[in-house]
Structures are given as structure tokens and as C-alpha cells.
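Step one of this worksheet: look at the structure below.
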Amino acid sequence: MTMEMDMLKPTSDSIFCNRELNFDSLDCIGFDMDYTIAEYLVPAFDLLAFNGAVDKLVDNLGYPDAVRNFVYDSNSFVRGLLIDIKRGNFIKIDRHKYVRQAMHGVSEMSSSYRKVVYHNTFNKVDSFSNREYVPMDTLFQLVDASIYAQLINLKDSEEYDFLDGKTYEELYRDVRGAVDLCHRDGVIKDEVARNPSKYIKKDAGMVEMLKRLKDDGKKVFLLTNSLWEYTQTVMSYLVDPSDTPSGDWADLFEVVIVGSAKPKFLIDPYQQLFRVNREDGSLQNTDGVYEIEAMNPNGAEKFLAKGKVFQGGNWQHLQAMLNIESGESVLYVGDHLYSDVLRSKRTLGWRTALIVPELEHEMRVYEEERAEGKAIEALRTLRKRNAENVDRLKYDNLQQGGGLEKEIEECEAKDEQVKKILAPMADSYHKRYNPTWGQLFKAGYQDSRFSFYVNNYACIYTTRASNFKFVSGKRSIRTGIEKMPHERRMDDWATLQED
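Using this note's numbering, you'd call the opening residue of the sequence shown number -10 and step up by one each time.
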């Protein structure tokens, strides 16, 4: 393979594009911290929240001791699912909002029962957007899903009066509250501070990437929902004192905003901005935009000279501090499908980059199973052509008054044979990505809900934030040519003719 060909090969370092992005037009590039700047080691990190939440359910909320026997499996669930908290189900929908897979607790639902629950209607198509459906848009939610699924099965066993008295929704709310408390009360923070190398993956390319962006003239900011104490712990571990002239990790950023409460930061113009005292974590009131304007000229520079670490606030404060004139000049990089990507793009017009750590596994399996994937595609094409042939034969048979029944029967029998080969092959291929949920970006043969949102709201996506170290400040990242089904069909036919 030539060097040129080797460079074209997609790898886990590649950046993939849905909407053309010219880095030269960007003035500011912002990053989330958790699962973006900081990559956590799984399952060790997840177990902090899992074990902590289980203890809280039993010790604080009175759940039965049997809950302590729950086991965490990071492969049991994937991002992009919806949790039906009214029924205690987990569902995977495609881009057309058709439920392709469903589980009740840890038990898979049959196809027939799934259709009764979610598709047995003629006057209403479920949007799956009301409060009874909780989207799994971040890797943090894998812990919630694991505990909730096992609680559902425990409740369904009807062995515990305590659980009999709770609805599926109440179970979910208790789990969500217990996990959230672990992120706020020190269960996770204190343990990570004691032994960061056990829970955080150190990526040398991350600091290199941040420095390169600054050298290219970009204003780099950190915008995270984590509070100051935890942010300080994580960033101090990721950035060695020798990485900056002052020994201060915050020098890699123009502005640091912690406790931002995204998506509220992106939509609530009244959320107040506080300056953080980095020594003791105390908060000081600011007048935000008014204070900056009162200091003009160079109000933003003077404002940041007092301290550039803040808590809370909203997008207006960030725009004022960084002199942002257009959302198109901002790229925000994060892992949360809704809070980081969808909301920032839809509300503010920011350009967006989604971090998809799972993509590395997806690409590896896709490459390893390429022959199987092509065989499945060929069999599906064969079924499609056979169906068209049957329809044509039936039409001709009708026109000529009979005589083609045997040919029709043979074609239909052939299709049944192909179907019997295809079904187990597709199921086996599906399970190589994830034993239960299959490919992240697919639901059946259609794009999944996750894929739909990535395509529509992430301008670009990649496996890790440090991959941006390969991007110069002048580069344009371009899409391929999009094609409609009829264009793909015509291309396929042309290829067959050429062969």
C-alpha cells in the first residue's frame, strides 16, 4: 500500500464530517471536560457511581438488601437508547421512530409483544419526546440503566412489598437521584482525587492539541457541568506542571466555566455568573455583561484579569468575555448528544463536534467483519431483486391470463431460502458489535436514533478530542457527496454493467 493510500484509510484518529467546517473561520473552540478532555477508565470509574448508588438506595431509601447483589456490566447498554420509565422498558428506535428492539428490565421483548406495545395504533405516531421517555445521550447513563434494569426484574419477582408499592417511574427517579448524589457528595470525587490514575486515562496528545489550537490563534475555553473542586482534581492530573510555563493548567484556556448546568447555560439568559476563588472554591458575584461593558474599552480583557475561572452564567457572558460576534465562529466539542451538541447548535448556531469513544470499537468490528457485512448486503439485494421479479411475473401473468404460476412459485421459494440464510447471519453480525443492542449507528438495517442525531446536529465527530491535534488552523473538513436512494441504485447498476 502506498503512503498516499495509507493516509486515506479511516482510523480511530480520523475526524468524520457531516457538515463542512472551515477551521480558518473559527475564532473560539470550547471543550466539555468529562468524557471529552478527560477520558475515564471503564469499568473502574463507572463502578464508583454504581456501587455508591446501590448503597444509597439501600441505606438511605430503604431498598431491600438484595439490591447489593446487583452486578455492573458496561456492555449491557449503549448510548442512543430510550428508557421508557412508565413501562420499565429500554428501546432502540431507528431514524423513522420505529422501535426495532426492546427489553423489559434485563429481559428481551418478543417482536410480537413489542409491536403490540409500541405500534398497535392507527391515529397517532409516538414522538418519543414526552417525559416518560428518557434518552440515553451520555456514557454516564450506562450506570443508571444497569441499576434500573435489575431493579425492574427485582420488582417483577413480586418478592418485596417495598418494590410492589413503587411504580417503574418511581424506581427510575430513585436511581437517577442516587447516581446524581454520588457525583455531588464526594463518593466519586474523593476517590478520584485519591487515585486518579485508576480512573482517568492520561492522553499526552490532549495538551499538545490545546497548545496547537492556541498557537493557531484560537481562543480556547473549557465549559463543564462539573464543579470547581472536581475540575481542579481532574485537570491537575491531566496537565503536568511542566506542560505550561506557569505550571497552571488553566493557562491552556482563555476562560474556564465550571458548574455551567448545561443545557441551562445555553438557553437561560438569567443564569447568574460567579467568579471562582481558586484557592478555596468560594464564589464572588459578578455583574457579568454589564460589568464588562462598563470597563470598556477592552472591558473583556480587564474583566478576565480579575480571574478567568467562573461558575454558572450563560452564553451571553461567554460571548462578551471572548468577543464572540457570531455562533458560526464557535466550535464546541463534547460527548453529550443533547446538552453539548443538539442544544448548542439549535439554539446558538454554534458549530459542533461530538466525541464518540465507542466509534473505535465500531470501526474495528466493521473492518473485521467486512466480508460478512458485504455478504449480508448482497443477500438483501438479492431479496430485493427477487421481490421485483415476482411482482413483474405476477403482472405479466395477469396480463396474459395465466401460465406463469410455476415461475412465480419458484421465485417465492427461492426468496424463502435466502431469507432463512440471511436472518441468522444478520443476527450474528449484529451481536458482534454488542451482544444485545448491535451496532451503535444502526437499528435493524436503518440508521439508529443515535445516528440520526449525529448526522443532523454534529458537524463533525471523532473518537477523542486529542485527534484535533492533527488539524491545522487553516484546514477545511469536508463531507462526501450525499446521494439519494435512486442515485445509489443507479450507481450500483452501473458498477454491475462495468463488471
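Glycine included, each C-beta is placed from N, C-alpha and C at the ideal position.
Item, Value
"Lys383 versus Leu393: straight-line alpha-carbon distance, rounded", "8 Å"
"Residue closest to Gly77, alpha-carbon to alpha-carbon, out of Ser96, His85, Leu371, Phe59", "Ser96"
"Reduced DSSP category for Gln130 - H, G, I as helix; E, B as strand; rest coil", "helix"
"Option nearest Gly194 by Cα separation, candidates Glu28, Asp481, Glu349", "Glu28"
"Bridge partner(s) assigned by DSSP for Leu272", "Val265"
"Length-filtered (4 minimum) alpha helix (DSSP H) runs lying within the segment 359 to 397", "359 to 389"
"Given Glu317 as reference, the closest of Pro(-1), Asn7, Leu15, Asp2 once Cα atoms are compared", "Leu15"
"Close Cβ partners of Gly69 (< 6 Å) along its chain, the five nearest in sequence each way excluded", "Ser437, Arg438, Phe439"
"Assigned secondary structure, Asn445 (DSSP; H/G/I helix, E/B strand, else coil)", "helix"
"Of the residues Arg264, Phe254, Glu268, Arg467, the one placed nearest Asp276, counting alpha carbons only", "Arg264"
"Inter-stretch contact at 8 Å, needing at least 3 Cβ pairs: the segment 334 to 354 / the segment 33 to 43", "no"
"Given Glu401 as reference, the closest of Gly390, Lys373, Gly94, Asn423 once Cα atoms are compared", "Lys373"
"Best match in Tyr422, Ala342, Gln388, Glu159 for proximity to His350 [C-alpha to C-alpha]", "Tyr422"
"Under the three-state DSSP convention, the category His85 falls into", "coil"
"Pair within 7 Å by beta-carbon distance, Lys45 and Ala239", "no"
"Beta-carbon separation (whole angstroms), Phe151 vs Tyr87, contact threshold 8 Å", "Actually they are not in contact, since the Cβ atoms of Phe151 and Tyr87 sit about 37 Å apart, beyond 8 Å."
"Rounded straight-line distance, which links the Cα of Ala294 to that of Arg103", "59 Å"
"Helix, strand or coil at Thr425 [DSSP, three-state]", "coil"
"Residue span of the alpha helix (DSSP H) that contains Gln300, given as start and end", "Careful: Gln300 lies outside any alpha helix (DSSP H), inside the beta strand (DSSP E) at 298 to 301."
"Candidates Gly154, Lys(-2), Arg162: closest to Ala138 by CA position", "Arg162"
"Proximity to Ala91 [Cα-Cα], best of Gln300, Val196, Ser101", "Ser101"
"Where the alpha helix (DSSP H) through Lys208 begins and ends", "Looking at the DSSP string, Lys208 is not in any alpha helix (DSSP H); the run it does join, the beta strand (DSSP E), is 208 to 212."
"Cβ pair count under 8 Å reaching 3, the segment 198 to 214 against the segment 250 to 259", "yes"
"Cβ-based burial, Ala283 [other Cβ within 10 Å; buried from 16]", "exposed"
"Same chain only: Cβ atoms within 6 Å of Tyr24, ignoring 5 sequence neighbours per side", "Leu128, Asp324"
"Spatial neighbours of Tyr418 in its chain, beta-carbon cut-off 7 Å, leaving aside the 5 residues before and after", "Glu358, Glu361, Gly362, Ile365"
"Ala342: first and last residue of the uninterrupted beta strand (DSSP E) it sits in", "340 to 344"
"Reference Glu497; option with closest CA among Asp2, Gly19, Ser3", "Because residue 497 is not part of the residues shown, which for the chain are -10 to 488, the question remains open."
"Cross-strand partners of Ala91 (DSSP beta bridge)", "Ile80"
"Contact set for Ser186: own chain, Cβ-Cβ below 8 Å, skip 5 residues either direction", "Tyr226"
"Identity of the residue in Ile470, Lys472, Phe459 nearest Val3 by Cα", "The residue you asked about is not Val; residue 3 is Ser in the sequence shown. The shortest Cα separation from Ser3 among Ile470, Lys472, Phe459 belongs to Phe459."
"Expected contact under 8 Å - CB spacing of Phe59 and Val43 to nearest Å", "6 Å"
"Coil, strand or helix - Tyr24 by DSSP", "coil"
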